[in-house]
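One structure below.
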Amino acid sequence: MMITDKLDKLLDMAKENPKLKEALLRTRESDNPIADFCKIATDKGLPMTVMDIVNQGEEFYAEIKRSTNGGGENSPDLDYQNDEYSIFMMRLQDL
Numbered sequence: 376m377m378i379t380d381k382l383d384k385l386l387d388m389a390k391e392n393p394k395l396k397e398a399l400l401r402t403r404e405s406d407n408p409i410a411d412f413c414k415i416a417t418d419k420g421l422p423m424t425v426m427d428i429v430n431q432g433e434e435f436y437a438e439i440k441r442s443t444n445g446g447g448e449n450s451p452d453l454d455y456q457n458d459e460y461s462i463f464m465m466r467l468q469d470l
């Protein structure tokens, strides 16, 4: 299962389980939010690591860069990389 599939499944689980939703949202206050987030996901049967989250964001960013005018020097400057954790938290907050 790809990381995006795992994140979607975790989001579905959080919709059904308010305690899980709150635990995931509380990771934002942690000293190591992504590591704590991954531990909760892994404990729920969706193993993931911090690098899984980071890589997903970087791969998406690289795909955008390559898809624009062939990538390289002609591609637009993007000020940030896709942050999967933050995107997940926004989606979770909106439930």
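Those letters in the sequence shown? Residues 376 to 470, per my numbering, in order.
C-beta: ideal position from N, C-alpha, C; glycine also.
Note that the structure is a prediction, hence the values are computed from the model and not measured.
Starting from the C-beta of residue i, find all residues in its chain whose C-beta is less than 6 Å away, skip the five residues before and the five after it, and write them out in chain order.
i: Phe463; result: Leu382
i: Gly420; result: none
i: Leu385; result: Ala416, Leu421
i: Asp469; result: none
Helix, strand or coil: which one does DSSP assign to residue i?
i: Asp380; result: helix
i: Leu386; result: helix
i: Thr424; result: coil
i: Asn430; result: helix
i: Asp469; result: coil
i: Ser461; result: helix
i: Lys396; result: helix
Can you find the residues in the same chain that come closer than 7 Å, C-beta to C-beta, to residue i, ignoring five residues on each side of it along the sequence?
i: Ser405; result: Asp411
i: Arg403; result: Met464
i: Ala398; result: Ile415
Take residue i and list the residues in its own chain whose beta-carbon comes closer than 8 Å to its own, dropping the five residues that flank it on each side.
i: Ile378; result: Met423, Asp427, Ile428, Asn430, Gln431, Glu459
i: Val425; result: Ile409, Ala410, Cys413
i: Leu400; result: Met464, Leu467, Gln468
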